[in-house]
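Accompanying notes for the structure given below.
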Amino acid sequence: MMQTPLRIAALLEHAAKWHADTEIVSRNTEGGLHRYTYHAAHLRAKQLAKALLALGIRPGDRVGTLAWNNHRHFELYYAVSGLGAVCHTINPRLFAEQLIYIINDAQDRLLFFDATFLPLVEKLAPHCPSVEYWVLLTDRMHMPATHNLPGELLCYDELLDREAADFEWPVFDENTASSLCYTSGTTDQPKGVLYSHRSTLLHSYAASLPDCFNCSARDVVLPVVPMFHVNAWGIPYMTPLNGCKLVLPGPGLDAASLFELFESEGVTFSAGVPTIWFGLLQFMREGKRQFSTLRRMIVGGAACPPALLRAFDEELGVEIRHAWGMTETSPLGTVSTLKTKNLALPAEEQQQLKNKQGRVIFGVDMKIVDDAGRELPHDGVAFGDLLVRGPFIVGDYYHATPPGQLTADGWFRTGDVATIDADGFMQLTDRSKDVIKSGGEWISSIALENLAVAHPAVAEAAVIGLPHPKWSERPLLVVVRKPGQDVSAEELLRFYEGKVAPWWVPSAVEFVEQLPHTATGKLLKTQLRKDFAGYEF
Ligand code: ADP
Numbered sequence: 009m010m011q012t013p014l015r016i017a018a019l020l021e022h023a024a025k026w027h028a029d030t031e032i033v034s035r036n037t038e039g040g041l042h043r044y045t046y047h048a049a050h051l052r053a054k055q056l057a058k059a060l061l062a063l064g065i066r067p068g069d070r071v072g073t074l075a076w077n078n079h080r081h082f083e084l085y086y087a088v089s090g091l092g093a094v095c096h097t098i099n100p101r102l103f104a105e106q107l108i109y110i111i112n113d114a115q116d117r118l119l120f121f122d123a124t125f126l127p128l129v130e131k132l133a134p135h136c137p138s139v140e141y142w143v144l145l146t147d148r149m150h151m152p153a154t155h156n157l158p159g160e161l162l163c164y165d166e167l168l169d170r171e172a173a174d175f176e177w178p179v180f181d182e183n184t185a186s187s188l189c190y191t192s193g194t195t196d197q198p199k200g201v202l203y204s205h206r207s208t209l210l211h212s213y214a215a216s217l218p219d220c221f222n223c224s225a226r227d228v229v230l231p232v233v234p235m236f237h238v239n240a241w242g243i244p245y246m247t248p249l250n251g252c253k254l255v256l257p258g259p260g261l262d263a264a265s266l267f268e269l270f271e272s273e274g275v276t277f278s279a280g281v282p283t284i285w286f287g288l289l290q291f292m293r294e295g296k297r298q299f300s301t302l303r304r305m306i307v308g309g310a311a312c313p314p315a316l317l318r319a320f321d322e323e324l325g326v327e328i329r330h331a332w333g334m335t336e337t338s339p340l341g342t343v344s345t346l347k348t349k350n351l352a353l354p355a356e357e358q359q360q361l362k363n364k365q366g367r368v369i370f371g372v373d374m375k376i377v378d379d380a381g382r383e384l385p386h387d388g389v390a391f392g393d394l395l396v397r398g399p400f401i402v403g404d405y406y407h408a409t410p411p412g413q414l415t416a417d418g419w420f421r422t423g424d425v426a427t428i429d430a431d432g433f434m435q436l437t438d439r440s441k442d443v444i445k446s447g448g449e450w451i452s453s454i455a456l457e458n459l460a461v462a463h464p465a466v467a468e469a470a471v472i473g474l475p476h477p478k479w480s481e482r483p484l485l486v487v488v489r490k491p492g493q494d495v496s497a498e499e500l501l502r503f504y505e506g507k508v509a510p511w512w513v514p515s516a517v518e519f520v521e522q523l524p525h526t527a528t529g530k531l532l533k534t535q536l537r538k539d540f541a542g543y544e545f
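Have a look at this one:
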């Protein structure tokens with residue numbers, strides 16, 4: 009067979025050649041829609057590659073982005089990696105100190121950003137000496153008259169306009185680094201995960217599989233998951249590979265703006281975290297609306313509450329596929345879809361399988377182990393630390409890998425705790441640091457949270473383990489009520505009866521105005537445990 013290295017630029021080259029007139033539609037940060045084709049996007053990516061070279065970027069250099077899902081960010085994904093440099097997508101929702109830490113750790117030489125983030129970039133700039141040029145992702149007309157950046161602020165479109173599109177993508181080893189993304193630091197300092205062309209291409213094939221995204225040249229794909237987070241779950245690569253029409257929503261992630269784009273562009277497939285879909289569900293219910301084209305979506309990044317899955321399926325005719333992954337797994341690890349044998353099960357049991365985080369996609373292997381590292385049975389009951397390995401799983405962090413993060417025989421410790429059943433469905437019970445141990449037995453905080461949000465008066469819920477004199481730890485349920493709802497602690501606790509073992513029922517309920525979240529919208533339980541330090545049941 010031919011020794012053709014797997015390269016990211018080949019994806020766009022393929023789409024430009026074989027899906028030349030398929031569209032990429034993107035909502036501009038300044039408002040209005042931008043519309044072009046894979047053919048035109050490829051030409052712009054080539055112009056950008058030449059502009060990057062002109063700015064002194066060389067293979068291996070890191071180029072930072074702070075940007076929404078839009079066509080310019082898409083061009084950066086391809087031009088930076090296509091050159092052999094590293095596209096470092098940065099999450100603007102992180103705290104300023106984390107952003108400064110990340111940019112310095114990566115030693116980014118350029119920083120491309122959307123106008124929304126100019127005030128933020130002005131704050132960061134004095135602390136980021138490695139950045140030589142700041143580039144605003146806009147055209148000449150929208151450049152600000154003044155700014156507080158050290159040195160010149162460059163205009164993205166102007167850089168491209170100076171270059172011809174006669175660039176040939178270089179061919180290099182497929183193990184060359186292509187992009188860099190830092191974990192959101194839910195439990196620790198952010199850590200860099202460096203992807204390669206090979207890992208990205210293999211992950212794109214895996215993402216395309218029928219039991220994963222199952223997207224084709226007949227799909228219109230809108231990633232709600234931001235392109236600054238884990239390469240937006242592989243969608244910017246998977247779409248040119250399959251010739252899907254791509255719709256990029258820009259900064260407008262509210263339910264009304266999303267619904268408008270879903271309808272006007274005929275979106276069939278989408279992906280995002282549960283919070284976004286709760287907002288959309290409420291919007292759909294309020295206006296008694298229905299989708300005309302949306303058929304399927306992937307929900308992951310945090311546990312998808314069964315109530316959400318059921319509502320989209322039964323009320324809106326949209327199939328939710330629950331997926332699990334992390335920055336370290338590129339990110340797709342498991343997706344919950346049924347096997348033929350599962351179709352004979354009663355509806356309720358099928359539903360319970362779909363609620364799980366799902367089965368591995370090819371390219372990922374997983375196991376669960378006890379504290380001594382012994383493998384646990386796949387019986388859907390035993391739970392232990394979840395370990396994974398494969399060609400798109402992190403081998404080492406960029407810079408410091410904490411000791412013990414990888415096992416001696418080459419498995420990555422996810423920090424998640426899970427069960428695996430006889431059919432291979434994995435279900436997360438907790439993050440290892442969030443596990444509640446009561447009287448020597450583990451209680452799943454995720455299971456208790458999922459049940460709490462199924463109560464009609466509950467907007468959001470978190471369960472944490474707090475010290476208890478007799479049981480060493482007991483669960484506390486912390487609840488945000490929906491506006492105008494006045495449910496009592498007793499009623500919420502009664503709601504658990506018959507649904508979980510009696511000793512799983514939380515020992516107390518506290519009501520709060522809001523819960524602490526990380527930059528990526530996950531519950532920040534470290535903060536919550538601090539807030540309730542010294543609590544007495
Ligand atoms: P960070 O680890 O910094 O929070 P990631 O985005 O990489 O950033 O988060 C990965 C983690 O998110 C997983 O290890 C897991 O704990 C959680 N997670 C992802 N998908 C799911 C899911 N479907 N259900 C429950 N938790 C999930």
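Numbering (my numbering), first residue to last: 9 to 545.
Every residue, glycine too, gets a C-beta built ideally from N, C-alpha and C.
In this text, all values refer to a predicted model and were calculated from it rather than measured experimentally.
query = Taking buried to mean at least 16 other C-beta atoms within 10 Å of its own C-beta, is F103 buried or exposed?
reply = exposed
message = With distance defined between alpha-carbon atoms, name the residue in V71, T154, R148 and E160 nearest to E166.
response = R148
ask   = Beta carbon of D429: closer than 8 Å to some heavy atom of ligand 1?
value = no
task = Can you tell me the Cβ-Cβ gap for S338 and S192, rounded? I've got them flagged as a contact below 8 Å.
result = No, S338 and S192 are not in contact; Cβ-Cβ is about 15 Å, not under 8 Å.
ask   = Can you tell me where the beta strand (DSSP E) with V94 in it begins and where it stops?
value = V94 to T97
query = Residues in its own chain within less than 8 Å of W419 by CB, not counting five upstream and five downstream?
reply = K375, L395, V396 and R397
task = Taking 7 Å as the limit, tell me which residues put their C-beta closer than that to any heavy atom of ligand 1, in chain order.
result = T191, S192, G193, T194, T195, H237, V238, G308, G309, A310, A311, C312, H330, A331, W332, G333, M334, T335, E336, P339, Q365, T422, G423, D424, L436, R439, I454, T526, T528 and K530
ask   = Under the DSSP definition of a beta bridge, which residues are partnered with M305?
value = S278 and I328
message = Which residue marks the beginning of the beta strand (DSSP E) containing R489, and which one marks its end?
response = S480 to R489
ask   = Would a C-beta distance cut-off of 9 Å place A24 and H50 closer than the cut-off?
value = yes
query = Mind checking whether I472 and I444 have CB atoms under 9 Å apart?
reply = yes
query = When the Cα atoms are used, what is the spatial distance from E357 to D393?
reply = 25 Å
Three-state secondary structure (DSSP) of L202 = strand
ask   = Where does the unbroken alpha helix (DSSP H) through K375 begin, and where does it stop?
value = Premise fails: K375 lies in the beta strand (DSSP E), D373 to V377, not in any alpha helix (DSSP H).
key: Buried or exposed by the 16-neighbour rule on C-beta atoms within 10 Å, applied to A380   = exposed
message = Between which two residues does the beta strand (DSSP E) holding F400 run?
response = No beta strand (DSSP E) contains F400, which DSSP labels as neither H nor E.
message = As a quick exercise: from V520, M292, L474 and D429, pick the residue whose alpha carbon is nearest that of V547.
response = The question about residue 547 has no answer, for the chain in this structure spans 9 to 545.
Residues bridged to P475 (per DSSP) = E481
request  = Could you name each continuous alpha helix (DSSP H) segment of 4 residues or more that falls completely within the segment 32-98, going from the start of the chain to the end?
outcome  = 46-62 and 79-91
ask   = Is it true that the CB of G529 sits closer than 9 Å to the CB of T335?
value = no
Continuous beta strand (DSSP E) assignments of at least 3 residues falling wholly in the segment 186-270 = 200-204, 228-231 and 253-256
Cβ-Cβ separation, P13 to G92 (assumed contact under 8 Å), whole Å = With 8 Å as the limit, G92 and P13 do not qualify as a contact, their Cβ atoms being about 11 Å apart.
request  = Determine which residues share a DSSP beta bridge with V396 and list them.
outcome  = M374 and F420
task = Buried or exposed for R329, please, with buried defined as at least 16 other CB atoms from any protein chain shown within 10 angstroms of its CB.
result = buried
query = Near K199, what residues of its chain come up, given a Cβ to Cβ distance below 7 Å and the 5 sequence neighbours on each side ignored?
reply = Y190, T191 and Y405
task = Spell out whether any CB of chain C is found under 9 Å from the CB atom of H205.
result = Here there is only one protein chain, and chain C is not present.
ask   = Which whole-angstrom value is the C-beta distance of D227 and F277, which I expect to be below 8 Å?
value = 5 Å
ask   = Hey, I32 and L254: beta-carbon distance below 9 Å or not?
value = yes
ask   = So, do the segment 80-99 and the segment 217-236 have three or more beta carbon pairs nearer to each other than 8 Å?
value = yes
Range of the contiguous alpha helix (DSSP H) that encloses Q435 = Not the alpha helix (DSSP H): Q435 falls in the beta strand (DSSP E), residues M434 to R439.
request  = Would you list the residues sitting across from K445 in a DSSP beta bridge?
outcome  = W450
task = Take the Cβ of T427 as the centre, count every other Cβ of all protein chains shown within 10 Å, and call the residue buried at 16 or more, exposed below.
result = buried
message = Spatial neighbours of H135 within its chain, please: C-beta separation below 7 Å, excluding the five flanking residues on both sides.
response = I108
Among P491, H476 and P524, the one whose alpha carbon lies nearest that of P514 = H476
inquiry  = Considering only the alpha carbon of each residue, which of A516, T247 and A509 lies closest to L485?
reply    = A516
ask   = Which residues does DSSP pair with H525 in a beta bridge?
value = L531
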